[in-house]
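Note that numbering that gives the first Met the number 0 gives residue 295 to position 296 of the sequence shown, counting from 1, and the numbers run on in steps of one.
Following: one structure in C-alpha cells, then a few remarks.
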Amino acid sequence: MSPTSSGHSRTRRTEADTGGAVAPTGSGERDRVVDAVRAGCLVVVVAGHWLMAGIGTEANGGGTYDLQLANVLELRPWTQWLTWVLQVMPLFFIVGGFANAVSWSRTAERGGRWADWMATRMRRLLAPAVGLVAVWLAIVAIAQPFLERSLIHAGHRLVTKPLWFLGVYLVVTAMTPLLVRLQARLGLWAAAPWAAGAIGIDLLRFADHDTALASLNFVFVWTALTQLGMSWERLVANRRRWWMLAGGGYLALALLVGAGPYNVSMVGVGGEVSNMAPPTVALLALGVAQLGLILGVWQRLRIALADHRWWGPVTRVGASGMSLYLWHLTAMAVGVCLVALGAALGVAQPTPGSGLWWATRPLWLGVLAVILTPILRRAAPVEVRSLLAPAVTGTPVWAALLGVAAGAGAIAYLVIDGLQPVGPAVLPVLVLAGLVRWLTPETEAQLDQTML
C-alpha cells in the first residue's frame, strides 16, 4: 500500500519530525549548539574539499598550458596532520545520533510508528540526491559523444562521491529504535559493543588484508559514533570533564598512528591504508576527541548562539544543508572546467602547493562560492519542500525495510560504479526516483515539478 495514497491521513510536521535538536528534557528547548556543529561541519567539508583539489597549469611549449590535477594531501604531506581537526564526518554522525534519538523518542511518545517515521526521514534524505543524480545522468549522456570517456568518468565519480554518506546514514537512521533502547539500558557504555566490533574488524583487516570484510566497519564505526551522540545530554551535563574525552581520543589516535598500520591522514590518500573507505577505529578515536573539544566550548557556543547574528547563519546553512553537501563538488567541477578553458587560452595558474598557490586559495574559494550560489537556488527548494511536506503515514513495516535496503543499495552501486545513461547502471537511478516519488504527497510532487 502506497504511503501517498488518498486514503492515508497526514500529520502536521513538528520539530521532532524534521530532526530538530530539541533537548529531551521535557522543556522543548532547542540545543542550538547541535545545529551549529552540524552547520559548521558542512562548511568545513565544503571548504576542505575545495582546498584539497591541487589544481594548476603546466606550460606545454605551445603558448598554452595543460591542466594539472593533484591531491594537496599527497603533494604536501604535512597537510595530512590538519585532518586531525578538519575531518569532521565523525561529528556529523555524533550530532545526527542525538537528533535522531530525540526525533524518534518524541514520535514514539505520540504513538507514532517506526515505519512512518523512517519513511519520512528517507524522503528527506533521498529527495535532494535524486536531483543531483538526474542532472549528472543527463550531463554524462550529452557529453559522451564529445569528451574522452576517462574525463567523463572522473567528473561523474567526483560529483557522486558525497552520496556514500547518504547510504550509510540511511542504514544507521533505520537502527535508531534499537540504539535508543541500548542507550536506555547501557548509558555511556552503549557504544562499547559497536566499538569492539570495529576493533575486531580492523584486526582481521590488517591480518588478512581482507578489504571486503573491512567494509563491515561502515556499520560498526559510524554506528558507534551515532550511539555516542545519543549520550549528548548526559555528556553536556558533565562537560567539565571534556578534557578527558579530548585528551583520551587524541592519545588513542596518536598510538594507533604511531604504533599501528594506520595512516596519518584521516582522509583517504592514494596508495595508503585509508582511514575512510572503509573507516577504521582511528576515526572513532578522532570522533571522541572532537566531541570532547565541542563540550569544552559548549557553554560559550550556547551563549553566542543566543545572538541572532550568530544563530541566523546557522539556520540558513541548516535549511539547505543536504543540498550544499551534495552540490558543492559540482560547483568545483565547473571551476575546474573554467581553469581548463583558461589554460587552453594561455592563462596560467600557480603550481599546486606553492606559496603563490596558497595565496590564491581565498580567490578560488570565492569563485566556487559564486558558482555554487545559483545552483543552490535551484536545488535547495526541493530539499526544503521535502522537509516541510506532511509526514508519511500508513507505511507497512516491510515497505519501510525494503525502502531502506533499496535506497542504500542503489546509492552503494552509484558510489562504486558511477553513472551511466544506458544499461543496468540506470536501475539505481530509477530506484531512488521511485522511492522519493512513492514517499511524496501528490500536491508536493506537483509543486516540485513546477520548480524544475
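Every residue gets a Cβ at the ideal spot worked out from N, C-alpha and C, and that includes glycine.
Local conformation of residue 29 per DSSP, three classes:
strand
CB residue 226 to CB residue 195, shorter than 7 Å?
no
For residue 40, is the beta carbon positioned less than 6 Å from some heavy atom of the ligand SAM?
In terms of ligand content, the structure shown is empty, and the ligand SAM therefore cannot be addressed.
Hey, residue 172 and residue 391 are a contact pair by Cβ (cut 8 Å); roughly how many whole angstroms apart?
No, residue 172 and residue 391 are not in contact; Cβ-Cβ is about 14 Å, not under 8 Å.
Using three-state DSSP, classify residue 130 as helix, strand or coil.
helix
Does residue 80 pass the burial test, meaning 16 or more other C-beta atoms within 10 Å, or should it be called exposed?
exposed
7 Å Cβ shell around residue 411 - same chain, five flanking residues per side excluded:
166
Please say whether residue 287 and residue 454 have beta carbons closer to each other than 7 Å?
Within the shown structure, residues of the chain are numbered from 0 to 451, placing residue 454 beyond reach of any answer.
Exposed or buried, what is residue 145 when buried is set at 16 or more other beta-carbons lying within 10 Å of its beta-carbon?
exposed
Just confirm the distance between the C-beta atoms of residue 68 and residue 53, as a whole number of angstroms; I'd bet it's less than 8 Å.
7 Å
Given a cut-off of 7 Å, decide if residue 267 and residue 75 are closer than it, judged by their beta-carbon atoms.
no
Close beta carbons around residue 379, own chain, < 6 Å, minus the five adjacent residues each side:
319, 322
Of the listed residues 354, 215, 255, nearest to residue 193 (C-alpha basis):
215
In or out: residue 99 buried (at least 16 other Cβ within 10 Å) or exposed?
buried
Run through DSSP, which three-state label would residue 275 get?
strand
Tell me which residues share the same chain as residue 24 and place their Cβ nearer than 8 Å to its Cβ, disregarding the 5 neighbours each side in the sequence.
Note on residue 24: pLDDT 39, under 50, position unreliable in the model; the coordinate value appears next. Correct list, in chain order: 232.
Among the residues of its own chain, which have a CB less than 7 Å from the CB of residue 82, if the five just before and after it don't count?
264, 265, 266
Excluding five sequence neighbours on each side, which residues of the same chain lie with their C-beta closer than 6 Å to the C-beta of residue 175?
99, 103
Give me the DSSP bridge partner(s) of residue 64.
58
Quick one: residues in its chain with C-beta nearer than 8 Å to the C-beta of residue 201, no 5 flanking neighbours on either side, listed in chain order?
213, 216, 279, 280
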